[in-house]
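Visitor: Protein sequences, first through last, are from chains A and B. Per my numbering, the first sequence starts with residue 63, numbered consecutively. Per my numbering, the second sequence starts with residue 63, numbered consecutively. All C-beta atoms in this analysis are idealised placements derived from N, C-alpha and C, irrespective of residue type, glycine included. In this text, all values refer to a predicted model and were calculated from it rather than measured experimentally.
There are 2 protein chains.
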Amino acid sequence: MDKKTVGLSDTFKAKTSPKSFTKNPIKGTNFTIAISSAKGGVGKSTFAMNFALALKAAGSKVGILDADIYGPSLPKMMSINEKPKSEDGKSLTPINQYGIQCMSIGFLVDEETPMIWRGPMVTSAIKTFTQKVLWDNLDFIIVDMPPGTGDTQLTFAQEIKVDGVIIVSTPQEIALSDVKRGIRMFDKLKVPILGLVDNMSFFETDDGKNYNIFGEGGVEKLAVDYKKEFLGKIPINIDLRIAADTGKPLVEKNPDHKISKIFIEIAKKIKGSFL
Amino acid sequence: MDKKTVGLSDTFKAKTSPKSFTKNPIKGTNFTIAISSAKGGVGKSTFAMNFALALKAAGSKVGILDADIYGPSLPKMMSINEKPKSEDGKSLTPINQYGIQCMSIGFLVDEETPMIWRGPMVTSAIKTFTQKVLWDNLDFIIVDMPPGTGDTQLTFAQEIKVDGVIIVSTPQEIALSDVKRGIRMFDKLKVPILGLVDNMSFFETDDGKNYNIFGEGGVEKLAVDYKKEFLGKIPINIDLRIAADTGKPLVEKNPDHKISKIFIEIAKKIKGSFL
Numbered sequence: 063m064d065k066k067t068v069g070l071s072d073t074f075k076a077k078t079s080p081k082s083f084t085k086n087p088i089k090g091t092n093f094t095i096a097i098s099s100a101k102g103g104v105g106k107s108t109f110a111m112n113f114a115l116a117l118k119a120a121g122s123k124v125g126i127l128d129a130d131i132y133g134p135s136l137p138k139m140m141s142i143n144e145k146p147k148s149e150d151g152k153s154l155t156p157i158n159q160y161g162i163q164c165m166s167i168g169f170l171v172d173e174e175t176p177m178i179w180r181g182p183m184v185t186s187a188i189k190t191f192t193q194k195v196l197w198d199n200l201d202f203i204i205v206d207m208p209p210g211t212g213d214t215q216l217t218f219a220q221e222i223k224v225d226g227v228i229i230v231s232t233p234q235e236i237a238l239s240d241v242k243r244g245i246r247m248f249d250k251l252k253v254p255i256l257g258l259v260d261n262m263s264f265f266e267t268d269d270g271k272n273y274n275i276f277g278e279g280g281v282e283k284l285a286v287d288y289k290k291e292f293l294g295k296i297p298i299n300i301d302l303r304i305a306a307d308t309g310k311p312l313v314e315k316n317p318d319h320k321i322s323k324i325f326i327e328i329a330k331k332i333k334g335s336f337l
Numbered sequence: 063m064d065k066k067t068v069g070l071s072d073t074f075k076a077k078t079s080p081k082s083f084t085k086n087p088i089k090g091t092n093f094t095i096a097i098s099s100a101k102g103g104v105g106k107s108t109f110a111m112n113f114a115l116a117l118k119a120a121g122s123k124v125g126i127l128d129a130d131i132y133g134p135s136l137p138k139m140m141s142i143n144e145k146p147k148s149e150d151g152k153s154l155t156p157i158n159q160y161g162i163q164c165m166s167i168g169f170l171v172d173e174e175t176p177m178i179w180r181g182p183m184v185t186s187a188i189k190t191f192t193q194k195v196l197w198d199n200l201d202f203i204i205v206d207m208p209p210g211t212g213d214t215q216l217t218f219a220q221e222i223k224v225d226g227v228i229i230v231s232t233p234q235e236i237a238l239s240d241v242k243r244g245i246r247m248f249d250k251l252k253v254p255i256l257g258l259v260d261n262m263s264f265f266e267t268d269d270g271k272n273y274n275i276f277g278e279g280g281v282e283k284l285a286v287d288y289k290k291e292f293l294g295k296i297p298i299n300i301d302l303r304i305a306a307d308t309g310k311p312l313v314e315k316n317p318d319h320k321i322s323k324i325f326i327e328i329a330k331k332i333k334g335s336f337l
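#1: So, residue 164 (chain B) versus residue 196 (chain B), is the Cβ gap smaller than 8 Å?
#2: For the beta strand (DSSP E) holding residue 91 (chain A), just list the boundary residues, first then last.
#3: Give a yes or no on whether the C-beta atoms belonging to residue 253 (chain B) and residue 227 (chain B) are separated by under 8 Å.
#4: If you measure from the beta carbon of residue 325 (chain A) to each beta carbon in chain B, is any gap under 8 Å?
#5: Quick check: residue 133 (chain A) and residue 301 (chain B), are their CB atoms within less than 8 Å of each other?
#6: If contact means a Cβ-Cβ distance below 8 Å, which residues of the region 161–183 of chain A contact chain B?
#7: By the 7 Å beta-carbon criterion, what residues does the region 295–322 of chain B contribute toward chain A?
#8: With contact counted as at least three CB pairs below 8 Å, one residue from each stretch, are the region 108–116 of chain B and the region 302–313 of chain B in contact?
#9: Which residue's Cα is closest to the Cα of residue 261 (chain B): B:99, B:187, B:190 and B:170?
#10: Find out if the Cβ-Cβ distance for the pair residue 215 (chain A), residue 276 (chain A) is shorter than 8 Å.
#11: Between which residues of its own chain and residue 219 (chain A) is the CB-CB distance below 6 Å, once the five residues before and five after are set aside?
#12: How long is the line joining the alpha carbons of residue 309 (chain A) and residue 143 (chain A), rounded to whole angstroms?
#13: What residues in its chain sit with their C-beta under 7 Å from that of residue 63 (chain B), if we drop five residues either side in the sequence?
#14: What do you reckon, is the C-beta of residue 131 (chain A) under 7 Å from a heavy atom of the ligand ATP?
#15: On the three-state DSSP scale, how would you describe residue 215 (chain B)?
#16: Apart from the five residues on each side of it in sequence, which residues of its chain come closer than 8 Å, Cβ to Cβ, to residue 119 (chain A)?
#17: For the region 267–278 of chain A, which residues have a beta carbon sitting closer than 9 Å to at least one beta carbon of chain B?
#18: Can you list, in chain order, the residues of its chain whose CB lies under 6 Å from that of residue 265 (chain B), leaving out five sequence neighbours each side?
#19: Which runs of the alpha helix (DSSP H), 4 residues or longer, sit entirely within the region 108–140 of chain B?
#20: Could you please give the first and the last residue of the uninterrupted beta strand (DSSP E) stretch that includes residue 182 (chain B)?
#21: Can you check DSSP and say which residues form a bridge with residue 230 (chain B)?
#22: Classify residue 286 (chain A): buried if its beta carbon has 16 or more other beta carbons within 10 angstroms, exposed otherwise.
#23: Please report how far the alpha carbon of residue 128 (chain B) lies from the alpha carbon of residue 257 (chain A), in whole angstroms.
#24: Would you list, in chain order, the members of the region 203–236 of chain A that have their beta-carbon closer than 8 Å to a beta-carbon of chain B?
#25: What residues in the region 250–267 of chain B bring their beta carbon closer than 8 Å to a beta carbon of chain A?
#26: For the region 268–304 of chain B, which segments carrying the beta strand (DSSP E) assignment without a break, of at least 3 residues, lie completely within its bounds, in sequence order?
#27: Taking only three categories from DSSP, how would you classify residue 169 (chain B)?
#28: Quick check: is the beta carbon of residue 283 (chain B) nearer than 8 Å to any beta carbon in chain A?
#29: To the nearest angstrom, report how far apart residue 192 (chain B) and residue 88 (chain B) are at their CA atoms.
#30: Where does the unbroken beta strand (DSSP E) through residue 205 (chain A) begin, and where does it stop?
#31: Might you give, ordered along the chain, the residues of its own chain that have their beta carbon closer than 7 Å to the beta carbon of residue 200 (chain B), omitting 5 neighbours on each side?
#32: Please list, in chain order, the chain D residues whose beta carbon lies closer than 7 Å to that of residue 101 (chain A).
#33: Nearest-angstrom Cα distance between residue 145 (chain A) and residue 204 (chain A)?
#34: Just verifying my parser: in three-state terms, what is the DSSP assignment at residue 222 (chain B)?
#35: Just to confirm my understanding: we take residue 231 (chain A), look at its own chain, exclude 5 residues before and 5 after, and list those with CB closer than 6 Å. What are they?
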C-alpha cells in the first residue's frame with residue numbers, strides 16, 4: 063500500500079514566515095514590556111497587574127494595556143467600572159487607577175458581552191489601543207497579552223516597538239510545551255525576551271507544608287536550556303488570588319506581603335536593565 | 063469642555079452579529095461535543111481527554127479533535143509521537159491511541175514550532191480537520207476548543223453541527239467573567255450548552271484538609287443563574303496532573319481512582335442524554 067506521511071506543505075509554511083515591518087513605539091511611552099504566556103490561565107494577568115504596580119512602587123510612571131480582547135481581566139482586577147472619555151471623538155483617554163494609566167476593551171463593553179470576533183477585528187482593536195490612546199508620558203507600558211501565538215502577538219511583533227517580553231508559566235509539562243513555542247516565536251520575530259517567571263510554583267499550607275501541585279523546577283530548567291534569564295518563582299497564594307478577584311492587586315493592597323516583595327524584586331531588576 | 067463617553071460604533075457592532083450558515087456534521091461521526099472555556103488554563107484539555115476516555119469506558123466509540131491550533135495538548139497528553147498517514151495525499155487518517163481516534167495540529171509539526179498564524183490560517187486548519195479527516199464510524203467526537211471567542215469558535219458554531227458544548231471553568235471570579243461571555247456566545251450562536259463543570263474546585267492535602275485555592279461554589283451558582291445544568295466538581299489532584307503530563311490520562315491509567323469515577327459519572331450522564 064502506498065501510504066504517505068504528511069506534514070504542512072511548503073506553501074503553507076512560506077505563508078507563516080515573518081516579513082519586514084516598520085515598528086513604531088506606542089505614543090506617549092518610553093518602553094513597552096509585554097507579559098506573555100503561550101498558554102492561558104497561568105496567572106499572566108495577575109502577574110501583569112502586580113508587576114505594573116511594583117514598577118510604580120519603584121518610582122516609575124506606568125500604564126497597562128490589556129491586549130486580551132477575548133478575555134479582558136483588567137477592569138475586574140483593577141476595579142474599573144467606567145467608560146474612557148474622548149476629547150475629540152477619535153482618541154481615548156486612559157483611566158487612572160492606583161496611579162496607573164489603564165486601557166482595556168472591557169471598558170467599552172459590559173462584562174458579559176463576548177467579543178465574537180475574527181482575527182482582523184482583533185487586529186483593528188489592537189491598533190486603536192496602540193495608536194489612539196493618549197498615554198501620558200509613561201516610563202513603561204505593560205502589555206497584558208492574550209494566550210496563543212496569533213493575531214495579537216503578530217501585530218505587536220511586526221508593527222510595534224516592543225522592548226522586551228516577560229514569559230510567565232506554571233511548571234507543569236503541558237504548559238512548558240507552550241512556553242517553548244512562545245520562546246521560538248519571539249526569537250523568530252526578533253522581540254527580546256527579558257526573562258521567564260515560574261508562577262504557581264508550589265502551594266504552602268497553613269502548617270508550612272509545600273505541595274508541588276503543578277510540578278517542580280520546569281521553568282527554571284527551560285530558562286537554562288534556552289539561555290534566557292530566570293526571573294523568579296511565585297508560589298500559589300490565596301491572598302494574591304483574592305486581591306485580584308476583589309479588584310486591588312496585592313502589591314497595592316499590601317506592599318509588605320511576602321509575595322508583593324517578590325514582585326517588587328523582579329520590577330527593580332527589570333527597571334535596572336532599562337534605566 | 064465637551065467630553066464624550068465612547069463605546070463601540072454601531073457599524074462595528076453590526077459586523078459582529080451572527081449571520082445564517084449551513085451547519086454540516088463532521089463526516090464519520092454521530093455527535094459532536096465541544097469542550098470549551100472562554101479562559102485558558104482551567105484544565106479544559108485534561109478534562110477533554112479524560113472525558114473522551116470515560117465515554118469509551120461507557121461503551122462508546124470516540125474520537126478527539128484537538129482544535130487548539132496555538133497550543134495543542136493532545137500529542138503530549140495521549141503520548142502520540144507519529145505523523146498521520148494519508149492514503150490519497152488529500153485526506154488524513156486519525157491516529158489510534160488507547161482506543162480513541164485522535165487528530166491534532168501537533169501531529170504535523172514538531173513540539174517546539176509555534177503556529178504564528180493569523181485568523182484565516184486557523185480557520186483553514188479547522189476546516190481541514192473537520193472535512194478531510196477519515197473519522198471512522200464514531201458515536202462521539204470530542205472537540206478540545208482553544209480559549210477565547212474567536213475564529214475557531216465562530217467556525218465551529220457557524221459551519222459545523224455541534225450537538226452540545228460542555229463549559230469547563232475554575233471557580234475564581236476572574237474566570238467566571240470569561241464563562242459568562244462564553245455562555246452568551248454559545249446562546250447567541252444557538253449552540254446548545256450541555257452543562258458546566260467546576261474544575262480545580264479545591265485542593266485536598268495528604269492529611270485531608272481542603273483548601274479552596276481558587277475560591278468556592280462560583281461555577282455552580284453561575285449555572286443556576288444562567289439556567290444551565292451543573293455537571294459536577296473536579297478537585298485539584300496531583301495524580302490527575304501527573305497522568306496528563308506523562309501521556310496516559312488518569313481514566314485510562316487507573317479507572318478506579320476516585321477522580322476517574324467523577325469523569326465516568328459525567329460521561330454516563332452526557333451519553334444518556336444523547337443515546
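Guide: In short:
#1: no
#2: 91–98
#3: yes
#4: no
#5: no
#6: 170, 171, 173, 174, 175, 176, 177, 178, 179, 180, 181, 182 and 183
#7: 298, 300, 303, 306 and 307
#8: yes
#9: B:99
#10: no
#11: 251 and 253
#12: 11 Å
#13: For residue 63 (chain B), the predicted structure reports a pLDDT of 46, less than 50, and the residue's modelled location is therefore unreliable. The matter cannot be settled from this model.
#14: Summarising the ligand content, the structure contains no ligands, and the ligand ATP is consequently not present.
#15: helix
#16: 313, 317, 326 and 329
#17: 267, 268, 269, 271, 273, 274, 275, 276 and 277
#18: 273, 275 and 298
#19: 136–139
#20: Where residue 182 (chain B) is concerned, there is no enclosing beta strand (DSSP E), although the alpha helix (DSSP H) it sits in stretches over 181–193.
#21: B:259
#22: exposed
#23: 30 Å
#24: 208, 209, 210, 211, 212, 213, 215, 216, 232, 234, 235 and 236
#25: 250, 251, 265 and 267
#26: 292–298
#27: helix
#28: no
#29: 6 Å
#30: 200–206
#31: 90, 91, 92, 123, 124, 125 and 163
#32: You won't find chain D in this structure, because its protein chains are A and B.
#33: 20 Å
#34: strand
#35: 99, 104, 237, 241 and 281
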